[in-house]
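Protein chains in written order, with the numbering used here: chain A, 83 to 296; chain B, 83 to 296.
Ideal Cβ placement from N, Cα and C applies to all residues, glycine included.
A short write-up of the structure that comes next.
2 protein chains.
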Amino acid sequence: MKLKVASKILDANDRIAQENKNIFKEKGVYVINLMSSPGAGKTSLLETTIRNLGGKIKVGVIEGDITGTDDAARIDSLGIPVVQINTGGACHLDANMINEVLNDLPLDELDVLFIENVGNLVCPAEFKVGENMKVMILSITEGHDKPLKYPLMFQESSALIINKIDLKSFLDVDVEKIKKDAASLNQPIKIFEVSCKTGEGIDNWVKWIQTLIS
Amino acid sequence: MKLKVASKILDANDRIAQENKNIFKEKGVYVINLMSSPGAGKTSLLETTIRNLGGKIKVGVIEGDITGTDDAARIDSLGIPVVQINTGGACHLDANMINEVLNDLPLDELDVLFIENVGNLVCPAEFKVGENMKVMILSITEGHDKPLKYPLMFQESSALIINKIDLKSFLDVDVEKIKKDAASLNQPIKIFEVSCKTGEGIDNWVKWIQTLIS
Numbered sequence: 083m084k085l086k087v088a089s090k091i092l093d094a095n096d097r098i099a100q101e102n103k104n105i106f107k108e109k110g111v112y113v114i115n116l117m118s119s120p121g122a123g124k125t126s127l128l129e130t131t132i133r134n135l136g137g138k139i140k141v142g143v144i145e146g147d148i149t150g151t152d153d154a155a156r157i158d159s160l161g162i163p164v165v166q167i168n169t170g171g172a173c174h175l176d177a178n179m180i181n182e183v184l185n186d187l188p189l190d191e192l193d194v195l196f197i198e199n200v201g202n203l204v205c206p207a208e209f210k211v212g213e214n215m216k217v218m219i220l221s222i223t224e225g226h227d228k229p230l231k232y233p234l235m236f237q238e239s240s241a242l243i244i245n246k247i248d249l250k251s252f253l254d255v256d257v258e259k260i261k262k263d264a265a266s267l268n269q270p271i272k273i274f275e276v277s278c279k280t281g282e283g284i285d286n287w288v289k290w291i292q293t294l295i296s
Numbered sequence: 083m084k085l086k087v088a089s090k091i092l093d094a095n096d097r098i099a100q101e102n103k104n105i106f107k108e109k110g111v112y113v114i115n116l117m118s119s120p121g122a123g124k125t126s127l128l129e130t131t132i133r134n135l136g137g138k139i140k141v142g143v144i145e146g147d148i149t150g151t152d153d154a155a156r157i158d159s160l161g162i163p164v165v166q167i168n169t170g171g172a173c174h175l176d177a178n179m180i181n182e183v184l185n186d187l188p189l190d191e192l193d194v195l196f197i198e199n200v201g202n203l204v205c206p207a208e209f210k211v212g213e214n215m216k217v218m219i220l221s222i223t224e225g226h227d228k229p230l231k232y233p234l235m236f237q238e239s240s241a242l243i244i245n246k247i248d249l250k251s252f253l254d255v256d257v258e259k260i261k262k263d264a265a266s267l268n269q270p271i272k273i274f275e276v277s278c279k280t281g282e283g284i285d286n287w288v289k290w291i292q293t294l295i296s
């Protein structure tokens, strides 16, 4: 019974995700669904990515949070079009939530739309929202056991951004194990090691985004 | 439609949670449902708590993970009765999952049962499993914005353990804000600042557990 309901919801979600995808394609917007645990650095990555793109690529952002507008305020202060979705308790964004805010963004003017999902290493991986690709962030403070414990997120993501590497010498964490286990789950996953705080490694990620869009 | 189904599931869950609670009461076991984001330190807290209790209180553990047995192996190596539940994708433990493993634990011999939930700062807070109280862990590496962004978890928890304080000087994190915001959501929440790595603050937490049970 529970499974049946979930599958109906997922079917409906997939239909609306496809509608969103068609709209994004028509408007020429490349869409990245950004996922992670709470506090892994999704908004910080967006801030540093936007700064590093230097206005050369037109970026828009949809912020997903259970409640509050803190993250949208951070993006807004950079002069970037942003819409905040409050899920009101739901632990992930779904395609319908995205569909409902599409008119609030200047899609005709955008090259890239980042969708920052609710902080959660499980549920967001199950729901398509119409994106071109999913990208996940893992903070090294979360430990090296995460790929094997939360495999779906790693399997669904086209890229893994390993963040907070500036803290590496203060932690007992095996970053090579993270990379090895992520690759064992998803061989072609693209991996970036970065620090949003110091800027280390951000140039490689930003170059990759530029390549995808050009 | 979605809401209706969810409420039915929650009703059924509450009934089974009450059954579990009755069993725990009859057996004289105090049950703590431990919740956090992935990698905040639930298993590390259990390891250091068990070591600090020094066998004076009989502890059992139920480990909840989507997949894998790493956490149960860590507890097992301490000579503590432990059962691993693999949710097979589900983002939280529910009362029925707990009910199904009760016969695998020596409940008659236990004083405390810790239930380590799936790493997720959202969904586990919605599901009772028959516990006496919920306790949450927040790693300071997750940032000080978490109480206001994930309010239900803070509202449902009787205690907040702020972990990894050994990293404080390397982070831009305002621990006082975490405490203030948590208290604004849940005035009587009991707050402990600890480092499972250095052992700092663990004695206060362990003493509190001893007081609750005696």
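Cβ separation of residue i and residue j, assumed to be a contact under 8 Å, to the nearest whole Å
i, j, result
"G281/A", "L203/B", "About 28 Å; that fails the 8 Å criterion."
"L234/B", "F209/B", "Not really, about 11 Å apart at Cβ, beyond 8 Å."
"E198/A", "I162/A", "At roughly 12 Å, the Cβ-Cβ gap does not stay under 8 Å, so E198/A and I162/A are not in contact."
"Q295/A", "D153/A", "Note on residue identity: the sequence assigns Ile, not Gln, to residue 295/A. Wrong, their Cβ atoms sit about 23 Å apart, outside the cutoff."
"L195/A", "V276/A", "Not a contact, Cβ separation roughly 21 Å."
"G123/B", "I244/B", "Not really, about 10 Å apart at Cβ, beyond 8 Å."
"K231/A", "D147/B", "6 Å"
"I157/A", "L128/A", "6 Å"
Closer than 9 Å at the beta carbon, the chain B residues around residue i
i, result
"F196/A", "None at all; the shortest Cβ gap to chain B is about 18 Å."
"P229/A", "Here the premise fails: no neighbours, minimum Cβ distance about 10 Å."
"L249/A", "T223, L249, F252, L253"
Residue environment, residue i, which counts as buried when at least 16 other CB atoms sit within 10 Å
i, result
"W287/B", "buried"
"L160/B", "exposed"
"A155/A", "exposed"
"P120/B", "buried"
"P206/A", "buried"
"P229/A", "buried"
"K216/B", "buried"
"D93/B", "exposed"
"V183/B", "exposed"
"N102/A", "buried"
"N104/A", "exposed"
"S266/A", "exposed"
"S251/B", "exposed"
"D263/B", "buried"
"D254/A", "exposed"
Neighbour list for residue i in chain A, Cβ cutoff strictly below 7 Å
i, result
"G137/B", "Ordered by position in chain A, no residue passes the 7 Å Cβ test against G137/B, which lies about 26 Å from the chain."
"Y232/B", "P120, I148"
"T131/B", "Neighbours of T131/B on chain A: none; closest Cβ ~18 Å, over 7 Å."
"S221/B", "T223"
8 Å Cβ cut-off: residues of chain B touching residue i
i, result
"N115/A", "By Cβ distance, chain B contributes nothing, its closest Cβ being about 17 Å from N115/A, past 8 Å."
"C173/A", "C173, N202, V204, C205"
Option in the options with minimal Cα separation from residue i
i, options, result
"P188/A", "D227/A, E258/A, V141/A, D152/A", "V141/A"
"I247/B", "G212/B, V257/B, A241/B", "V257/B"
"D285/B", "R133/B, E101/B, A94/B, V165/B", "R133/B"
"F106/A", "S266/A, D190/A, G150/A, N245/A", "D190/A"
"S283/A", "F274/A, T151/A, F236/A", "Note that residue 283/A corresponds to Gly in the displayed sequence, not to Ser. When each option's Cα is compared against that of G283/A, the closest is F274/A."
"G225/B", "G110/A, N181/A, T125/A, N214/A", "T125/A"
"N115/A", "I180/A, A172/A, K262/A", "I180/A"
"S239/A", "N214/A, K262/A, L253/A", "N214/A"
"M117/A", "V111/A, C173/A, K261/A, W290/A", "C173/A"
"K289/B", "V255/B, N168/B, T130/B", "T130/B"
"D227/A", "N168/B, P270/B, T151/B", "T151/B"
C-beta neighbour in chain C for residue i, strict 7 Å
i, result
"D152/B", "Looking for chain C here will not work: the only protein chains present are A and B."
Chain A residues whose Cβ lies nearer than 8 Å to that of residue i
i, result
"S159/B", "None at all; the shortest Cβ gap to chain A is about 15 Å."
Other residues of its chain near residue i: CB distance less than 7 Å, five sequence neighbours each side excluded
i, result
"L249/B", "I222, T223"
"A99/B", "A177, K210, V211, G212"
"I302/A", "Nothing in the structure corresponds to residue 302/A, since chain A is present only between 83 and 296."
"A88/A", "Here A88/A scores only 47 on pLDDT, less than 50, and its place in the model should not be relied on; the value that follows carries that caveat. Closer than 7 Å at Cβ, skipping near neighbours: no residue."
"K109/B", "L189, D190"
"K261/A", "I273"
Cβ neighbours of residue i in the same chain (closer than 6 Å, five flanking residues each side left out)
i, result
"K279/A", "D248"
"A241/B", "V217, K272"
"D186/B", "V165"
"N268/A", "F236, Q237"
"G170/A", "none"
Contact set for residue i: own chain, Cβ-Cβ below 8 Å, skip 5 residues either direction
i, result
"N95/B", "D176, A177, N178, F209, K210"
"L135/A", "V141, V288, I291, Q292"
Any non-hydrogen atom of the ligand ZN within 6 Å of residue i CB
i, result
"A207/A", "Ligands are entirely absent from the displayed structure, and the ligand ZN is therefore not among its contents."
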